[in-house]
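Here the structure comes first, spelled out in structure tokens, and everything after it is commentary.
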Amino acid sequence: MKKILLITLLTLFSFTSFSQEKIWEETAEEKKERLAWWTNDRFGMFIHWGTYSLAGRHEWVKKNERIPDEKYQKYFDNFNPDLFNPTEWAKMAKAAGMKYAVITAKHHEGFTLFDSNFTDYKATNTAYGKDLLKEWVEAFRAEDLKIGFYYSLIDWHHPEYTIDRVHPQSASTDEAYKHLNRGRDMGIYRKYLKDQVREIMTNYGKVDILWLDYSFPGKHGKDRNDWGSVELLKMVRELQPGIIINDRADLKDVPGGWDFTTPEQFKVSEWPTYDGIKIPWETCQTFSGSWGYYRDEMTWKNNKQLLVLLIESVSKGGNLLLNVGPTGRGTIDHRAEKALKEMGQWMKFNSRSIYGATQAPEEFVAPDHSLLTYNPETNRLYVHLLDYPLQNFTLRGLKGKVKYAQFLHDASEILITEPHGYWGKEKLGEGDINLSLPVVKPNVEIPVIELILK
Ligand code: GLC
């Protein structure tokens, strides 16, 4: 009995001291400063690339089809991206209006794009023979893009990584797990993961973002203790003090354990909060339903949907990380290329409503079928017209607040007038103003009205 009590007390004690552990000290203001470039830039490219790109049917193909290592080996053996030209990728990202990019240095399959002293399962040992991460970093930096590494905490290749419920060899009974994990030592994997993260945090110069993926606590799951998350993040912050880190290492309650939250394939209904406080966030999204190259996947979002994802994120104070899954030959496939081009066409003329913009102050109410963003530095309000209205366009509560109104894409004045016709006049409230829009929708997917406020 005494022994049980002691164990309980000890566990409780170690848990509380653990959860109160700090990774580093920083004021809210300092954090805001550290994240300033990222909150300003708003739009980044996610890149999922690995040997799964050869299967061409999802980066989870190993798990989805429960493929054993021996059979999965063919993707490694045939990996040779002869058309890989990261400068081309970087130029595409830049032309789309993206300002940073995050690439899978290692995904769940365990294969590393980088040269590592701790594994043979790496790009340098494939027919391609070179450190892909190095080439990628150099090309993206040269185009002035900030760089980020995705590193999978999960590893479906490492022999010491214990089988869990998301592993390709996942089991259905406790007994089976026990049997499968006999002889596997997570401690060895934990060290391996830390060693590899140290490599990518030291061998590639300044790294702007680290994207760790992911924790799934609970039965046959994995959490901060499995990864050694606290020690891992301490090391990362020491090696790269300016770095921005996502929130998937299971350290939500540890100060310094994360910088932003990551709603995945999900449109938030409002600015996400933690402990009642609005937090930095970035939604990650695919063009179609897979992160890795998926030849036969057909659910591609159209240009308007993609633009709405971007605008709506900014309108709620967040970022968009939009994913491409390059092919096994190292090219961005034609559908993604087209989508990026179209976004770039819009961004060329409208990025002022995105960069440096955020959620509009509450006093401004978005008109029907529109999304608002606001730049607090310039005091300009942006109305994105998702469904182009007919001439009369009412702005509620803006009377006396607008100095000048124009379309953003061509800086053509929009007149503030009395509404056309009797019906329009009827509808205009006390504090409202009416804009007189041209009948013909401008040749822009989503036209933007720029309001220069007093
Ligand atoms: C998930 C998936 C993964 C993808 C990631 C992107 O965690 O496991 O395949 O890389 O989300 O957010």
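Quick note on numbering: my numbering labels position 210 of the sequence shown as 210, and the sequence is numbered without any gaps.
All C-beta atoms, glycine included, are put in the ideal place defined by N, C-alpha and C.
Could you check where the beta strand (DSSP E) with residue 73 kicks off and where it finishes? Careful: residue 73 lies outside any beta strand (DSSP E), inside the alpha helix (DSSP H) at 69 to 77.
One question on the structure: do residue 452 and residue 435 come within less than 8 Å of each other, judged by their Cβ atoms? The answer is no: Cβ separation not under 8 Å.
For residue 348, which residues in the same chain have their Cβ closer than 8 Å to its Cβ, ignoring the five residues on either side in sequence? Cβ neighbours of residue 348 within its own chain (closer than 8 Å, five residues either side excluded): 97.
Which residues mark the beginning and the end of the beta strand (DSSP E) in which residue 392 is found? In the DSSP annotation of this structure, the continuous segment of the beta strand (DSSP E) that includes residue 392 starts and ends at 392 to 395.
Return the residue from the list 454, 393, 79 that minimises the CA-CA distance to residue 379. Closest by alpha carbon: 454.
If you draw a straight line from the C-alpha of residue 199 to the C-alpha of residue 66, how long is it? Distance between the alpha carbons of residue 199 and residue 66 is about 30 Å.
Output the distance between the C-alpha atoms of residue 11 and residue 21, rounded to the nearest integer angstrom. Unreliable positioning characterises residue 11 in this predicted model, as indicated by a pLDDT of 48, which lies under 50. The coordinate reading is nonetheless provided below. Straight through space, the alpha carbons of residue 21 and residue 11 are spaced by roughly 15 Å.
May I ask which residues mark the beginning and end of the alpha helix (DSSP H) holding residue 226? In the DSSP assignment, residue 226 falls within the alpha helix (DSSP H) that extends over 224 to 227.
Let's see if you can read the secondary structure: which residues bound the beta strand (DSSP E) around residue 452? That run of the beta strand (DSSP E) goes 448 to 453.
Inter-residue spacing [alpha-carbon to alpha-carbon] between residue 361 and residue 46: Spanning the alpha carbons of residue 361 and residue 46 requires a straight line of approximately 30 Å.
For residue 214, which beta-bridge partners are listed by DSSP? Note: residue 214 sits in no beta bridge, so no partner.
Neighbourhood of residue 1 by C-beta, 8 Å cutoff - its chain only, sequence neighbours within 5 removed: Bear in mind that a pLDDT of 48 at residue 1, under 50, signals an unreliable position, so the model cannot answer this.
Given a cut-off of 8 Å, decide if residue 272 and residue 281 are closer than it, judged by their beta-carbon atoms. Their beta carbons are under 8 Å apart, which means residue 281 touches residue 272 by this criterion.
Roughly how many angstroms lie between the CA atoms of residue 132 and residue 351, to the nearest whole one? Taking the straight line from one Cα to the other gives about 31 Å.
Could you tell me whether the segment 158 to 166 touches the segment 186 to 206, using the rule of 3 or more Cβ pairs below 8 Å? Under the Cβ criterion (8 Å, minimum of three pairs), the segment 158 to 166 counts as touching the segment 186 to 206.
So what does DSSP say about residue 264, is it helix, strand or coil? In the structure shown, residue 264 falls within a strand segment according to DSSP collapsed to helix, strand and coil.
Quick check on DSSP: helix, strand or coil for residue 413? Residue 413: strand per DSSP, three-state reduction.
Distance CB(residue 197)-CB(residue 240) smaller than 8 Å: Not in contact: residue 197 and residue 240 (Cβ atoms no closer than 8 Å).
At a cut-off of 7 Å, would you count residue 291 as near the ligand GLC, judging by its Cβ distance to the nearest heavy atom? Under cutoff, so the answer is yes.
DSSP three-state assignment for residue 322, whether helix, strand or coil: In the structure shown, residue 322 falls within a strand segment according to DSSP collapsed to helix, strand and coil.
Would the C-beta of residue 264 count as close to the ligand NAD, meaning under 7 Å from any of its heavy atoms? The ligand NAD is absent from the structure shown, which contains only the ligand GLC.
Whole angstroms is fine: what's the gap from residue 76's alpha carbon to residue 124's? Each residue's alpha carbon lies about 11 Å from the other.
Can you give me the C-alpha to C-alpha distance between residue 395 and residue 403, rounded to a whole angstrom? Each residue's Cα considered, the two are about 14 Å apart.
Among the candidates 325, 308, 421, 365, whose CA atom is the shortest distance from the CA of residue 387? Nearest option by C-alpha distance: 308.
Residue 285: buried (16+ other C-beta within 10 angstroms of its C-beta) or exposed? Around the C-beta of residue 285, 16 or more other C-beta atoms lie within 10 Å, and the residue is accordingly described as buried.
Straight-line Cα distance separating residue 86 from residue 120: Linking residue 120 to residue 86 through their CA atoms gives a straight-line distance of about 24 Å.
So, with DSSP's three-state summary, where would you put residue 171? For residue 171, the three-state secondary structure derived from DSSP is coil.
Which term fits residue 83, buried or exposed, when burial requires 16 or more other beta carbons within 10 angstroms of its beta carbon? Result: exposed.
Please work out which residues of its chain come closer than 6 Å, Cβ to Cβ, to residue 487, disregarding the five sequence neighbours upstream and downstream, and give them in chain order. With the chain covering only 1 through 454, there is no way to say anything about residue 487.
State yes or no: is the C-beta of residue 59 nearer than 7 Å to some heavy atom of the ligand GLC? Proximity of the beta carbon of residue 59 to the ligand GLC is indicated: a heavy atom of the ligand is located closer than 7 Å.
Would you mind giving the Cβ-Cβ distance between residue 444 and residue 420, rounded to the nearest angstrom? I have them listed as a contact below 8 Å. With a beta-carbon spacing of about 23 Å, residue 444 and residue 420 fall beyond the 8 Å limit used to define contacts.
Cut-off 8 Å between Cβ atoms - residues of its own chain near residue 338, not counting five sequence neighbours on either side: Nothing meets the Cβ criterion.
In the DSSP assignment, find the beta strand (DSSP E) that holds residue 285 and state where it starts and stops. Run containing residue 285: 282 to 286, per the beta strand (DSSP E) assignment.
Cβ separation of residue 457 and residue 168, assumed to be a contact under 8 Å, to the nearest whole Å: Summary: the structure shown does not reach residue 457, with the chain confined to residues 1 through 454, and so no result is reported for it.
Looking only at its own chain, which residues have a Cβ that is under 8 Å from the Cβ of residue 235, when we skip the five neighbours before and after it? Its chain contains 194, 197, 198, 201 as the residues whose beta carbon lies nearer than 8 Å to that of residue 235, once the 5 sequence neighbours on both sides are disregarded; these appear in chain order.
Report the residue ranges of all alpha helix (DSSP H) runs contained in full by the segment 19 to 101; include only those spanning at least 4 residues, in chain order. Counting whole runs of 4 or more residues, the segment 19 to 101 contains the alpha helix (DSSP H) stretches 28 to 34, 36 to 41, 52 to 55, 61 to 64, 69 to 77, 86 to 96.
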